Ligand SMILES: NC(=O)c1ccc[n+]([C@@H]2O[C@H](COP(=O)([O-])OP(=O)(O)OC[C@H]3O[C@@H](n4cnc5c(N)ncnc54)[C@H](OP(=O)(O)O)[C@@H]3O)[C@@H](O)[C@H]2O)c1
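Okay, structure coming up:
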């Protein structure tokens, strides 16, 4: 029996992946969710916008699993806002808190529960890469600045762009977290398979649900034309790939961790230069630990053994 723990399975790419896994007789799927999960899954309440909810979910799923280790941890949920002005009850910018911080905490809490040779998959996005995102690319992964964005005096807020930048920066954090985990002693000791998955631009999911009505209507109207014309991914393809990666049907080649499905073509490309920077990665890991109330490892050596 393969035990999978997953976030973000109530809609879009994650829901397709979950339904795919649920059709397999030898998979038991544990979902953390706010909404209605696919039938057949073990669903437990989880609101990633509340760190208390993340802790409660980690504890409950651990209790319910008992001695059974987790074979695949899939951190797929995400949100996107038109701005960066939303705050969680913990006081953090919501996109950063939901997409990165909550998943970082969940990863740290469930790390001891992972099976030998388990897979950890974190869903990222190629919007993390300034070379591929000319609209609002991230220019840093400084946790403090992302958690508490400050607008400089005289600089006006730019609806859509501010929100999109918060999103792309959170996806950079997802990728850096995957890299940091992949390099850790914990990953080496347990022979973890760590994957940062970019499902690529995929129309027909719920990610744009907070976009202005005009954009949503335009997207819906144009979807039947642009999807085949530009070979844009469909949730069915992106979700199937997510399931295949999570279940180890597709394994990373040696030294690779970034899996990407763009225009229906699957590759293991290089990440952006920003995502390769070890000092940014280490700092994000230790700053995130401090923010979620875990002991911030004092130095790299200690982080490697986290
Ligand atoms: N679609 C794309 O073009 C694209 C491209 C690159 C990367 N991605 C990534 O792919 C992943 C899936 O996105 P999608 O396009 O399938 O979007 P989606 O349909 O909106 O799915 C997002 C999932 O995250 C969950 N979620 C959001 N906020 C949550 C919270 N506070 N607590 C618990 N769950 C929460 C949602 O649950 P609720 O139903 O409760 O809201 C939903 O299950 C994301 O990581 C996204 O960044 C998407």
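Residue numbers (the working numbering): 57 to 362.
Just so it is clear, CB atoms sit at the ideal spot from N, CA and C, and this is done for glycine as well.
From a predicted model like this one, the values you see are computed outputs, not experimental measurements.
Exposed unless 16 or more other CB atoms sit within 10 angstroms - verdict on residue i
i, result
"residue 235", "buried"
"residue 147", "exposed"
"residue 206", "exposed"
"residue 208", "exposed"
"residue 213", "exposed"
"residue 219", "buried"
"residue 281", "exposed"
"residue 164", "buried"
"residue 71", "buried"
"residue 269", "exposed"
"residue 227", "buried"
"residue 211", "exposed"
"residue 238", "buried"
"residue 357", "At residue 357 the pLDDT is 43, less than 50, meaning the model places this residue with poor confidence; the figure from the coordinates comes in the next sentence. Exposed, by the Cβ-count rule."
"residue 194", "buried"
"residue 191", "exposed"
"residue 361", "Residue placement at residue 361 cannot be trusted, given a pLDDT of 43 that sits under 50; what the coordinates show is reported in the next sentence. By the neighbour-count rule (16 or more Cβ atoms within 10 Å), residue 361 is not buried but exposed."
"residue 334", "exposed"
"residue 286", "exposed"
"residue 284", "exposed"
"residue 349", "exposed"
"residue 311", "exposed"
"residue 347", "buried"
"residue 68", "buried"
Per-residue DSSP class, three states only, for residue i
i, result
"residue 155", "helix"
"residue 86", "strand"
"residue 198", "coil"
"residue 356", "Residue confidence for residue 356 is low, a pLDDT of 46 falling below 50, so the modelled location carries little weight; the figure read from the coordinates is stated next. If DSSP states are grouped into helix, strand and coil, residue 356 belongs with the helices."
"residue 57", "coil"
"residue 362", "In this prediction, residue 362 has a pLDDT of 42, which is less than 50 and means its spatial position is unreliable; nothing more can be read from the coordinates."
"residue 344", "helix"
"residue 238", "helix"
"residue 191", "coil"
"residue 206", "coil"
"residue 233", "helix"
"residue 267", "coil"
"residue 260", "coil"
"residue 107", "helix"
"residue 350", "coil"
"residue 218", "helix"
"residue 213", "coil"
"residue 185", "coil"
Below-8 angstroms beta-carbon distance, residue i vs any chain C residue
i, result
"residue 210", "Structure shown: chain C not included; a single protein chain is present."
Counterpart residues of residue i in DSSP-defined beta bridges
i, result
"residue 254", "316"
"residue 66", "Partner(s): none; residue 66 has no beta bridge."
"residue 76", "Answer is none; residue 76 lacks a bridge partner."
"residue 177", "130 and 251"
"residue 99", "87"
"residue 170", "126"
Report yes or no: do the region 63-74 and the region 88-104 share at least 3 C-beta pairs separated by less than 8 angstroms? Short answer: they touch.
At which residue ranges does the region 275-335 contain complete alpha helix (DSSP H) runs of 4 or more residues, listed in the order of the chain? If we require 4 residues or more, the alpha helix (DSSP H) runs fully inside the region 275-335 come out as 291-302.
Spell out a yes or no on whether the region 324-342 and the region 224-239 are touching, meaning 3 or more CB-CB pairs, one atom from each, closer than 8 angstroms. With a cut-off of 8 angstroms, the region 224-239 and the region 324-342 count as touching, because enough Cβ pairs lie within range.
Give the list of continuous beta strand (DSSP E) stretches no shorter than 3 residues that lie fully inside the region 114-166. List check, beta strand (DSSP E) in window: 126-131.
Does the region 125-138 come within contact of the region 335-344, defined as at least 3 CB pairs closer than 8 angstroms? Contact between the region 125-138 and the region 335-344 is absent, because fewer than three Cβ pairs lie under 8 angstroms.
The region 173-184 touching the region 249-261, judged by at least three CB pairs closer than 8 angstroms: With three or more CB-CB distances shorter than 8 angstroms, the region 173-184 counts as touching the region 249-261.
For the region 170-177 against the region 242-249, do three or more pairs of beta-carbon atoms, one drawn from each stretch, fall closer than 8 angstroms, so that the two count as touching? Yes: at least three Cβ pairs fall under 8 angstroms.
Do the region 269-279 and the region 150-157 touch if we need at least three Cβ pairs shorter than 8 angstroms? Cβ pair count under 8 angstroms is below three, so no.
Three or more C-beta pairs under 8 angstroms: does that hold for the region 298-317 against the region 196-205? No: the two stretches stay apart, fewer than three of their Cβ pairs being nearer than 8 angstroms.
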